[in-house]
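Below is one structure, written out as structure tokens; the observations come after it.
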Amino acid sequence: MSPRPAAPLTLEFILLGLLDARPAHGYDLHKQLSGDSPLAMLWQVKQSQLYALLDKLEAHGLVRSQPLLEEYTPPRKQYDLTPLGRERLYAWRSAPVEHVRDLRQEFLARLYFARCAGDEIARGLIAAQTQRCQVWAGRLEARLNAEAPEAHFPRSVHAFRVHQVRAALAWLTELEGELS
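So that you can map any letter, position 65 of the sequence shown is 65 in full-length UniProt numbering, and since no number is skipped, the others follow by simple counting.
Pasting the structure below:
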């Protein structure tokens with residue numbers, strides 16, 4: 001077991017983002033991640049897993065809960081962000097992802113909450129991710145160019161990755177245009 005606590009998962013940050021909008025109980029959070037909700041396009045979670053994640057977030061001081069005074073069976077808790085939870089959420093939603101593979105879910109989740117926070121926050125995230133993608137593209141193009149012409153498969157793999165990053169850059173440019 002690692003002595004260092006695991007970094008929060010994307011889904012945990014999604015829960016923090018939902019709670020940043022307003023306090024909620026677990027069932028309400030589950031509904032916001034189900035059905036036709038925009039976030040359900042990225043993540044779906046079982047209710048039992050959601051409650052376990054809320055317990056974990058509370059144990060780490062990122063959310064706090066209080067029982068609702070109404071008479072529910074079973075009793076419900078309402079969750080709210082702590083100042084530490086809000087600080088971590090805001091840092092997460094403005095930081096670019098570290099790997100190309102993380103654009104599909106992680107970046108889109110960050111973008112969702114950045115856009116909820118306003119165009120300026122979203123522009124900052126898009127600009128940071130664009131810079132990161134440009135670095136990736138440069139590294140991948142260097143690897144591609146370093147391969148011998150007869151190394152067909154490695155060249156194909158590197159070319160594929162270069163095209164992935166170029167497509168991401170084109171998409172980020174479109175996103176930036178939507179916010180202008």
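Using N, Cα and C, we set each Cβ at its ideal position, and we do this for glycine too. It should be emphasised that the depicted structure is a prediction, and the values quoted were computed from it without experimental measurement.
Here residue 126 is actually not in contact with residue 94; their C-beta atoms are around 11 Å apart, not less than 8 Å. The alpha carbon of residue 67 has as its nearest neighbour, out of 59, 61 and 76, the alpha carbon of 76. Contact between residue 97 and residue 129 holds: their C-beta atoms lie close to 7 Å from each other, under 8 Å.
About 6 Å separates the beta carbon of residue 34 from that of residue 40, a gap short enough to meet the 8 Å contact definition. For residue 172, the uninterrupted alpha helix (DSSP H) segment begins and ends at 152-179. The stretch 108-118 makes no contact with the stretch 135-143; the number of CB pairs closer than 8 Å stays below 3. A residue is called buried once 16 or more other Cβ atoms fall within 10 Å of its Cβ, and residue 174, having fewer, is exposed.
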